[in-house]
Every structure is written in C-alpha cells, then in structure tokens.
Amino acid sequence: MNLIVQVGIDDTDSKKGMCTTYVCAVAIGRLEATNVKILGCPKLIRLNPNWKLKTRGNCAVAFTAELEKRQVPAFKEIILRTVRELAELQAEDTNPGVVFYYGEKIPLKLKSFSKKVIQDIVTIEEAESVARLVGAEMYKFKLGRGVIGALAAIGNTLDWDRTFELIAYRTPENRGSPRRIDVNSVIEMNKKTFPRTFDNLDPTTGEIRITPHTPCPILYGIRGETAEMVIKAHRLVKALEPIERVVVYQTNQGTDEHLRNVKISEAKPFWSVVVNGVVSQKPKVIRGGHVIFRIRDSTGEIDCAAYEPTRQFREAMKKLLPGDEVQVYGGIKEKPGLPLTINLEKLRVLKLASYFRKENPRCPSCGKRMKSEGRGKGYSCKKCKTNSPPNSARLIRVKRDLNLEMYEVPPRARRHLAKPLIRVKFSTREF
Ligand SMILES: [Zn+2]
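Taking the numbering used here, the leading residue of the sequence shown gets 623, the next gets one more, and so forth.
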C-alpha cells in the first residue's frame, strides 16, 4: 500500500546565498534515485512580501511524493540531511523548517492558515497549533521559523490561480560569478512565447529579467502560464555555461494572492490591499523623485506612493487630480508619525474628475481674445474699445491625459506576487 506524503521546506537561504528552491530540487533528485515517485510539479509559494523577517523573495517550497510505507524513515532522512547540508545555517537569520503531511487532501484549516501566511503575519506557535490539529510533523533547525512557510506551502492548493516557473540551476563552480547567457536568445524567446511567458524583459529598459542578481544557485527562471510553455521557452534560451538541473514549479507568483479588498480604516501595516477611493490631495513629488498622493473613502484617508524605480508609472500618477476615482493595489507601509502609505503596485483609473478652464471671449471687431477687467467686471478690447459682459467667457473642459484603465509598475519594480497587467487582461478574476 503506497502512501502520499507532502513535504514543505522554508527559510534555508540567506542574503549571501542558497535558495530554498535549490534545496528542494536536490532533495527531489536524491529521492527519485531511491524510487520515490514525485507527483506533479513542486510548488514555489511566495509568502507575505511585507514581512520584516523575510529573506530575499520570501518563498517556500512544497512537493508531493508517493512511496511505500517502509520507505518513510529513509525518505525523511534524505530530506532532513539535504536541508542540513545545503541550508545557510551559519547565517543568523536563517532558521529552516521542514514539515511532513501524510495524505492527499488538504484540510480547510490548513488552507486558511496558508492564506494567512501570504496575507498577514503568523507566529511559530500558531503554525505549531495548526500542525497539531491537522497531524503534520514539524522539524526545526535553530529557531525553526521556516516551519511557518513550510506548512503554508503545503497548505496552498493554488486554487485561486497559478502560474509556472522553470528554474535552471548553475553548477557549483560558477556560482557567485556573472551569469553567462545569450541575451539575443532571450529576446527571441520572448518574441515567440510572450504573453504565454511573462516578465522575461523589461519593456522600458530592455533589461533581461530572467537572470537574478543575487549570488544564489539560479542561472535563470522563466515564468509562464503553463508547464509546457516554460519548457518550450527554456529550449529557446541559450545558456553559455553548464546547467546542473532544471525544475518546473507551479507557483502563486503573478496571481495577486497577497491582496485583500479593504476600506481605508481597516488597512493594517504588513497587509497588501486593494482600496477604492477618491483622490483627495494632488500628487506631489518628494525628494528622491517619489510621487505621493492621498485618497479617501467613507472611512478615512491614506497616502499612496509610487517610488522612483517605478519610472513611467510615476509619470502617470503625477497626472491624477483631486476628485478622480481610483482603485489602488499595493503593500501597506508604516512610518512613525506619518499616515499609513500604500506602496503602489497597480492603479486603475475608474473615473476622471471634470476640470474646466475659463476662455475669455473674442473681440467682436478685431477677433483677438479680450482681457478681463477684473473679477465680475466683464471683458474688454483696449484697441477697439469694445466690452463684453462677465458671462461671455466660455468654460472649456480640460483634456485629461489619463485613460480609464489600469496602470502598473514595470517588471523591475514588481513584487513576485503582483499580477502583471498582461495577466490581468486574460484573467477572469477581478477585485
Ligand atoms: Zn478688438
């Protein structure tokens, strides 16, 4: 009789190196060598991006295996040994956790725990109590904070939406040195597979987005809508250095799973939200080139910020005016003594306020614009000595240089979880 075991791993990397997906990839390779069957694609789950204690991308992994009951002790030993061997245990903030869950079906309790880890803040005690309730086994290394993300990765069934990422890993001798990859092949790949793959290039700078800039073992990662599509794209990319292994993950990246709809007064630090409101204070550019404006709804007011790296997104935000109705998407930041601020990921313009400017009447004799005689005193032409009453001025509607559409930050400034506009267009799920 075969058993289904789900495994979650988290918090094995540090700012200096490693990547939890690589630990997962190596563990899977070792398990397959012992005739354990891996079911489907492993999961790469991005957790709350606003959490202070996160490592780089705050991601956890999970996978499902099928094995014989007698294989269980060796199975667990291989996974725990791989974590012990590869995790950056010497780094103070690296506190790995491994979780085993026996069975295929994920209980509701575990699903909602997973949602909470992605949208909110969760303690180790809370994770431990959920694990006890659903019968999951936890293994902690050092402080073992990773058990939170490991359990959340198991609990995320990706029902809401899912994308895929193919990750190609570097061989050990190349790690830490510049990544060698044929840039033109990436441009070609993008031409052939976009938008079924996405975030390969930054359209504003032409920069290649598939290679990370960290010292981790990843050579490149290609994001797309299906496993077939990222594999096709991978075959089009020419790596100029050896690839140790390739794994396709299913993931919550690019799904907006971190967001929740709230009224302004409900917004809390560390949350990521979608808020509908009306612009109440004109955008201003502050030091560093950041754009800040304020919105309100029936419950209160909150600031919205578009930071300098968001480039042309910022230019669009500058064109907002008081009275404009918007829907904003982003993570909430708290700064002492200041109102809460939404760090914008996307903004939808729902309705533009009407603005008018006065146009003075033309002189009936010479046709030139007449000058105002002062407030309420009408208009005159000095040359022809003609006069016009105050009500002869026309109100002209100011043409607004914004469309009723969604604006997004460029790929380089985008959160892993934020859904790119190209996916919003094809998706039926809306806030
Ligand atoms: Zn005149």
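The beta carbon of each residue, even a glycine, is placed where N, CA and C say it ideally should be. Computed from a prediction, not measured in an experiment: that's the story for all the values here.
Residues near residue i in its chain [Cβ-Cβ closer than 8 Å; skip 5 each side]
i: Glu-810; result: Leu-858
i: Arg-706; result: Phe-763
CA-to-CA distance, residue j to residue i, given in whole angstroms
i: Val-694; j: Val-752; result: 23 Å
i: Val-645; j: Lys-762; result: 15 Å
i: Ile-803; j: Ile-844; result: 13 Å
i: Ser-1010; j: Cys-985; result: 8 Å
i: Glu-1030; j: Gly-952; result: 11 Å
i: Gly-639; j: Lys-1021; result: 52 Å
i: Val-907; j: Asp-1023; result: 18 Å
i: Leu-881; j: Arg-668; result: 13 Å
i: Val-721; j: Ile-631; result: 7 Å
i: Leu-962; j: Glu-923; result: 9 Å
i: Phe-1048; j: Pro-1042; result: 10 Å
i: Glu-1052; j: Pro-825; result: 25 Å
i: Asn-822; j: His-835; result: 14 Å
i: Thr-656; j: Arg-703; result: 15 Å
i: Pro-837; j: Glu-714; result: 18 Å
i: Arg-991; j: Cys-1003; result: 8 Å
i: Gln-771; j: Leu-732; result: The amino acid at residue 771 is misidentified as Gln; the sequence shows Gly. In a straight line, the C-alpha of Gly-771 is about 12 Å away from that of Leu-732.
i: Leu-1026; j: Lys-999; result: 39 Å
i: Lys-698; j: Glu-726; result: 17 Å
Own chain partners of residue i with C-beta closer than 7 Å, once the 5 adjacent residues on each side are dropped
i: Glu-947; result: Val-900, Leu-972, Lys-973
i: Lys-904; result: Phe-915, Leu-943, Pro-944
i: Ala-1035; result: Pro-931, Thr-932
i: Ser-976; result: Arg-1019
i: Ala-849; result: Cys-663, Phe-786, Val-870
i: Met-760; result: Gly-719, Val-721, Glu-750, Ala-753, Val-769
i: Glu-866; result: Tyr-791, Arg-792, Thr-793
i: Phe-735; result: Val-752, Leu-773, Ala-774, Gly-777
i: Gly-996; result: none
Proximity test, residue i beta-carbon vs ligand 1 heavy atom, cut-off 6 Å
i: Lys-993; result: no
i: Cys-926; result: no
i: Ser-1010; result: no
i: Lys-1005; result: yes
i: Ser-976; result: no
i: Ser-1014; result: no
i: Ser-987; result: yes
Beta-carbon contacts of residue i that lie in its chain and below 6 Å, excluding the five residues immediately before and after
i: Ile-1044; result: Pro-817, Phe-820
i: Gly-766; result: Asn-717, Gly-719
i: Ala-687; result: Val-627, Val-658, Ile-660
i: Lys-764; result: Asn-717
i: Ser-1014; result: Pro-983
i: Ala-1040; result: Glu-967
i: Ala-936; result: The residue you asked about is not Ala; residue 936 is Arg in the sequence shown. Closer than 6 Å at Cβ, skipping near neighbours: Val-913, Ala-928.
i: Gly-846; result: Phe-786, Arg-818, Thr-819, Val-852
Check whether residue i and residue j have beta carbons under 7 Å apart
i: Tyr-723; j: Ile-650; result: no
i: Pro-729; j: Val-769; result: no
i: Ser-807; j: Lys-860; result: yes
i: Asn-670; j: Ile-740; result: yes
i: Cys-663; j: Tyr-871; result: yes
i: Arg-970; j: Gln-949; result: yes
i: Leu-841; j: Arg-801; result: yes
i: Asp-635; j: Thr-642; result: yes
i: Cys-1006; j: Ser-994; result: no
i: Val-683; j: Leu-666; result: yes
i: Glu-710; j: Asn-624; result: no
May I ask you to verify whether the stretch 783-790 touches the stretch 871-878, counting CB pairs closer than 8 Å and requiring at least 3?
-> The stretch 783-790 is in contact with the stretch 871-878.
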